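J.: Protein chains in written order, with UniProt numbering: chain Y, 1 to 189; chain H, 1 to 189; chain L, 1 to 189; chain F, 1 to 189.
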DNA sequence: CACTAAACGAGACGGTACGTCTCGTCTTGTC
DNA sequence: GACAAGACGAGACGTACCGTCTCGTTTAGTG
């Protein structure tokens, strides 16, 4: 049979509580117990939806991801890449940054979860850069043979900053990084 | 006054136990309680030395760091950088990799700790690359204006890999990264 | 709301473990930790029921108290009092004696707890004597004006013995005490 | 060899610290560790003098005991007994009361210690009453056959009060108790 | 309309780890 | 040798989460 349907209000309450806790107290202060308490929901209701903290974060982040802008396409590699990076970095300075840090913390504690994050969340961001590079490659602009390395050059420093110095992710840094990556992408004989 | 000196055997037992636990069971399986139990030492003896897990890892890693080789200096930028990266990545495939992951996990849970890690451990690695770049710059080879960005290009992807795909850190990846970074460093007009 | 009801088996296991520990190892050997371990119950389960050791003992003793015989009423003051004292002292020679000692130890470390013990456990015993004295007083036998002092004469020596010489609490001692108290109760002009 | 003699200042500091702690924080707050810290003395210096908390208390109490008045001897049983009890009870309302409570707590946790307390400290108090009763017995006033029971009638209620209601030990209570005990002592045919 | 099945809040449960405290012993260097 | 200092193993303290498990109650469909 069907049984009682899940209450969407509960869904929202959980996500909201998770978000609140993580922004107010960081990953440390975000516990399944705390989420339930804060949202006025039973622990079971949380565990019914998510197998663990990681999945909660993943879901909360997905909400942000859904509202994100599409990949820029101005015909200019530098402009496209810069726009994307500026937007991405700007987000990392806000709530999504805290969520990504939490995500990283979870991933470090469960390799299987790291895999999921990689394929579900990170892949999308990488795709965006891959598209930009692909278009530039079609225009003969990009000569570097391996997109993946270039993409690592873009996002590696971002995660590095999230780990040890989140304040670094400014527009200026986005620009510097963009230039360096473009140089690496376009100056291979 | 002096008081009874700390027993070096206890120091070693703690470090060894921490190392064992982290390599066998990962960051998750490493607890202050477990370290004490495994090393046959009282919890107090552990807490007397380290205020938390993070500091233990930091200290264990320091032992590895101390035994690390000096910065290569062959007069050839590519060879120097490649050697350094290959060595560093090779280490990340082993025990130090697990330790670094643990370190990252801790750093994510305590920003103050992230700062310490940054200045005490990471700085040394960055210095090595800075020296290599500096020498090449003296030879007129490096034209990119900002060492820091270049260094981020080197280590960003490494941490990124440690977070989501540690298996990526092969010699081949070290080579690809080296080439990309050198391109970025040397092709700025 | 209701929530999952407490498991009575856990209640019993805790009480039994506490009882075992206190009889086998005395108050010293009875710890919240030990109770949990011995009963195969989590520490939380214990702390959920009792805020501290004292309350555990109090509860264990209550079980004994509930099964105690009613106040004797033969119409003869000496017989009534003697019976009560013999029974009470006999109990002190057994498990309840150890429990009472533990109770005293706890009471000495927390005045607030002493108050509780006084009103919840000791009061019942005093009431029994008060009833016996009251009936004798109705028969014109007891002339001493203050029951409370007489009751202190009865139980004071008992606690004194529990503190320093538990072996003293024999039937003979009960008889000697009974006689002395009756003399004090009945020979006031 | 003789070695360095013990520093009397250390002796005093320990006793003073123990006294302070016990009066300020009760038995709970009196720890060997605390005594050492408070007195500015090493733990070893404390343990060198006393095998445990109990002995410290015993020693501190002994100082008080030494300064106590001699057994009253006015030729009047009631007056002698009343004086003794009033003085004794008055002391229990003060610092010696707290010390006695601590003593009781210790005795409950180590039967062997209870024995020592009994023979060293309590015996003196009992002797005093025994002397008073003896003199009255010589005058043909006391007819009760057993001094020990009478002495229990005197001190039992005192310890009982120390356990559960220290406030009870007033002059009025001393008087009531004196009268009851004298009745018991003098009205046996 | 009754029945069924799942969701829901509440909260108990066995675990595990946390960080702190005190115990009684020991090991330094200094006096 | 006493002494201050403080390390050491042991073990209890009380708390916090984990993920699972009852409870009794509500809320849809389905028959």
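In this text, a Cβ means the ideal position worked out from N, Cα and C, and glycines have one as well.
These figures come from a predicted structure and were not determined experimentally.
(1) Looking at residue 185 of chain H: is its Cβ nearer than 8 Å to the Cβ of residue 108 of chain H?
(2) Hey, how far is the Cα of residue 156 of chain L from the Cα of residue 165 of chain F?
(3) Anyone know if the C-beta pair for residue 150 of chain F and residue 61 of chain F falls short of 8 Å?
(4) Mind checking residue 46 of chain L: buried by the 16 CB within 10 Å criterion, or exposed?
(5) Output yes if chain Y places a C-beta closer than 8 Å to the C-beta of residue 7 of chain H; else output no.
(6) Along the chain, which unbroken stretches of the alpha helix (DSSP H) at least 4 residues long are found entirely within the stretch 120-184 of chain L?
(7) Terminal residues of the continuous alpha helix (DSSP H) containing residue 111 of chain H?
(8) For residue 118 of chain L, decide whether its Cβ has a neighbour in chain F, counting only Cβ atoms nearer than 8 Å.
(9) Quick check on DSSP: helix, strand or coil for residue 211 of chain L?
(10) Considering just the uninterrupted stretch of the alpha helix (DSSP H) at residue 23 of chain L, what are its terminal residues?
(11) Assuming residue 39 of chain H is part of the alpha helix (DSSP H), what are its boundary residues?
(12) With three or more C-beta pairs closer than 8 Å as the rule, is the stretch 84-95 of chain F touching the stretch 173-184 of chain F?
(13) What does the alpha-carbon distance come out to for the pair residue 159 of chain F and residue 48 of chain F?
(14) If you drop the 5 nearest sequence neighbours on each side, which residues of the same chain put their C-beta closer than 7 Å to that of residue 80 of chain L?
(15) Could you tell me whether any non-hydrogen atom of the ligand MG is closer than 7 Å to the CB of residue 119 of chain L?
(16) For the alpha helix (DSSP H) containing residue 60 of chain H, list its first residue and its last residue.
(17) Quick one: residues in its chain with C-beta nearer than 6 Å to the C-beta of residue 34 of chain Y, no 5 flanking neighbours on either side, listed in chain order?
(18) Would you say residue 70 of chain F faces chain L, with C-beta separation under 8 Å as the test?
(19) Using the three-state DSSP reduction, which class does residue 235 of chain F fall into: helix, strand or coil?
(20) Do the CB positions of residue 181 of chain H and residue 143 of chain H come within less than 8 Å of each other?
(21) Mind listing the chain H neighbours of residue 96 of chain Y? Cutoff is C-beta to C-beta under 9 Å, in chain order.
(22) Residue 160 of chain L CB to nearest chain F CB: under 8 Å?
(23) I want to see whether chain Y comes within less than 8 Å of residue 109 of chain H, judged by CB atoms only; does it?
(24) Note down, in chain order, all residues in the stretch 155-186 of chain L with a beta-carbon under 9 Å from any beta-carbon belonging to chain F.
(25) Identify, in the order they occur along the chain, each residue of the same chain with its Cβ nearer than 6 Å to the Cβ of residue 30 of chain L, setting aside the five sequence neighbours on each side.
(26) If the criterion is Cβ atoms closer than 8 Å, does the pair residue 16 of chain L and residue 39 of chain L meet it?
(27) Straight-line CA distance for residue 64 of chain F to residue 94 of chain F?
(28) For residue 101 of chain F, go through chain L and note every residue whose CB falls closer than 7 Å to its CB, in chain order.
(29) Looking at residue 153 of chain F and residue 153 of chain L, is the spacing between their C-beta atoms short of 8 Å?
(30) So, are the CB atoms of residue 104 of chain L and residue 85 of chain F less than 8 Å apart?
(31) Closest by CA to residue 27 of chain L, which one among L:7, L:36, L:177 and L:100?
T.: Walking through what the data contain:
(1) Between residue 185 of chain H and residue 108 of chain H, the CB-CB gap reaches or exceeds 8 Å.
(2) If you draw a straight line from the Cα of residue 156 of chain L to the Cα of residue 165 of chain F, it is about 12 Å long.
(3) no
(4) buried
(5) Cβ-Cβ to chain Y under 8 Å: no for residue 7 of chain H.
(6) Those alpha helix (DSSP H) runs which fall completely within the stretch 120-184 of chain L and span 4+ residues are 123-138 and 147-164.
(7) It spans 111-117 - the alpha helix (DSSP H) in which residue 111 of chain H sits, taken as one unbroken run.
(8) yes
(9) Any property of residue 211 of chain L remains undetermined from this structure, which presents chain L solely from 1 to 189.
(10) That run of the alpha helix (DSSP H) goes 8-25.
(11) From DSSP, the alpha helix (DSSP H) with residue 39 of chain H extends over 32-39.
(12) When Cβ pairs closer than 8 Å are counted between the two stretches, the stretch 173-184 of chain F is seen to touch the stretch 84-95 of chain F, the count reaching three or more.
(13) 31 Å
(14) 72, 73, 74 and 132
(15) As for the ligand MG, it is missing from this structure, which has no ligand bound.
(16) 53-66
(17) Excluding the 5 residues flanking it on each side, residue 34 of chain Y has same chain C-beta neighbours closer than 6 Å at 21, in chain order.
(18) No, because no Cβ of chain L sits closer than 8 Å to the Cβ of residue 70 of chain F.
(19) An answer regarding residue 235 of chain F cannot be provided, because it is not within the stretch 1 to 189 covered by chain F.
(20) no
(21) Per Cβ cutoff of 9 Å: no residues; residue 96 of chain Y is ~15 Å from chain H at best.
(22) Yes, its Cβ sits closer than 8 Å to a Cβ of chain F.
(23) yes
(24) 155, 156, 157, 158, 159, 160, 161, 162, 163, 164, 165, 166, 168, 173, 176, 177, 179, 180, 181, 182, 183, 184, 185 and 186
(25) 21 and 22
(26) yes
(27) Residue 64 of chain F and residue 94 of chain F: Cα-Cα distance of roughly 11 Å.
(28) 108
(29) yes
(30) no
(31) L:100
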